[in-house]
Structure formats: structure tokens, C-alpha cells
Amino acid sequence: MIQVLLKDIRLQGTHGVFQGEELWATTFRLNLIIDLKNDPPFVELNDTVDYSKVYEIVKSSFSIREQLLENLADRIYANLVAQFIQIHSVEISIVKEDPPIPGFSGEVGIVFKKTVGL
């Protein structure tokens with residue numbers, strides 16, 4: 032199986048449920064693993080998933096504010112699957128690097144995994 036990987040994408044966003052999060056941007060880190068349906072050989076770029084287009088889809092999806100990271104990941108997944116018929120499954124992790132939780136030091140986030148058609 033072939034996987035396309037985009038790792039440590041850093042984007043600024045206003046996603047979150049806490050009061051004030053819609054007003055100032057926070058840094059998020061995203062990782063994607065995309066499993067492809069096709070078996071090698073891959074002859075042309077159209078045979079696989081173009082990671083530059085994946086990045087554009089992620090950025091575009093990310094620009095729409097969500098309170099829940101789960102909904103954001105689902106939007107990214109839906110937009111990827113709509114663009115690329117080669118996708119078998121997608122795993123997306125989204126980490127909020129500095130969450131506004133009093134007394135909390137660390138990161139929070141979600142991992143989203145979904146197979147096309149399930």
C-alpha cells in the first residue's frame with residue numbers, strides 16, 4: 032500500500048469553544064496520512080494524490096471556523112475525498128499547540144480516521 036504523508040503543517044486559526052477563541056488566532060499543527068487505492072506502478076501525477084493540492088484543500092478547509100476540531104477534520108476529509116478518487120482512507124491529526132485552559136501546559140487535539148465508503 033502507498034501512503035501520502037503531510038506532516039507538521041502549521042496554520043493559524045480561531046477554532047475552539049472557549050470564549051474569545053474566535054477573536055485571536057492560535058497555532059495548530061496538522062498531520063495527514065492518506066492511504067491510496069491503487070497499487071504501484073504510478074506512471075503520472077494523476078495516478079496518485081498531489082500533495083500540493085492536498086495542502087491547498089487543508090488550508091481552504093481550515094479557513095472556515097469550527098468550534099470542534101472533529102468537525103474541522105471531517106470537512107477536510109470530505110473535501111479530499113471529493114477531489115481525489117484514489118483515496119482509500121484518511122487519517123488526520125489536529126493539535127492545538129497552546130490551548131486556553133487555565134493552568135494547563137501542553138497540547139490538545141484529535142485524531143480522525145475514516146475509510147471511504149464507511
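Take the position in the sequence shown, starting the count at 1, then add 31; the result is the number in the numbering used here. Virtual Cβ for every residue (Gly too), placed ideally from N, Cα, C.
Inter-residue spacing [alpha-carbon to alpha-carbon] between residue 52 and residue 42:
Taking the CA atoms as reference points, residue 52 sits about 15 Å from residue 42.
On the CB-based measure, 16 or more other CB atoms within 10 Å of its CB, does residue 108 come out buried or exposed?
Buried, since its Cβ has 16 or more Cβ neighbours within 10 Å.
Can you check which of these residues, 88, 89, 57, 39, is closest to residue 127 by C-alpha distance?
The option with the nearest alpha carbon to residue 127 is 57.
If you reduce the DSSP assignment to three classes, tell me which class residue 124 lands in.
Assigned with DSSP and collapsed to three states, residue 124 falls in strand.
Based on DSSP bridge pairs, tell me the residues matched to residue 43.
For residue 43, which the question treats as bridged, DSSP gives the partners 58.
Taking 8 Å as the cut-off, does the region 62-69 touch the region 117-136 (at least 3 CB pairs, one atom from each stretch)?
The region 117-136, when compared against the region 62-69, does touch it at the 8 Å Cβ threshold.
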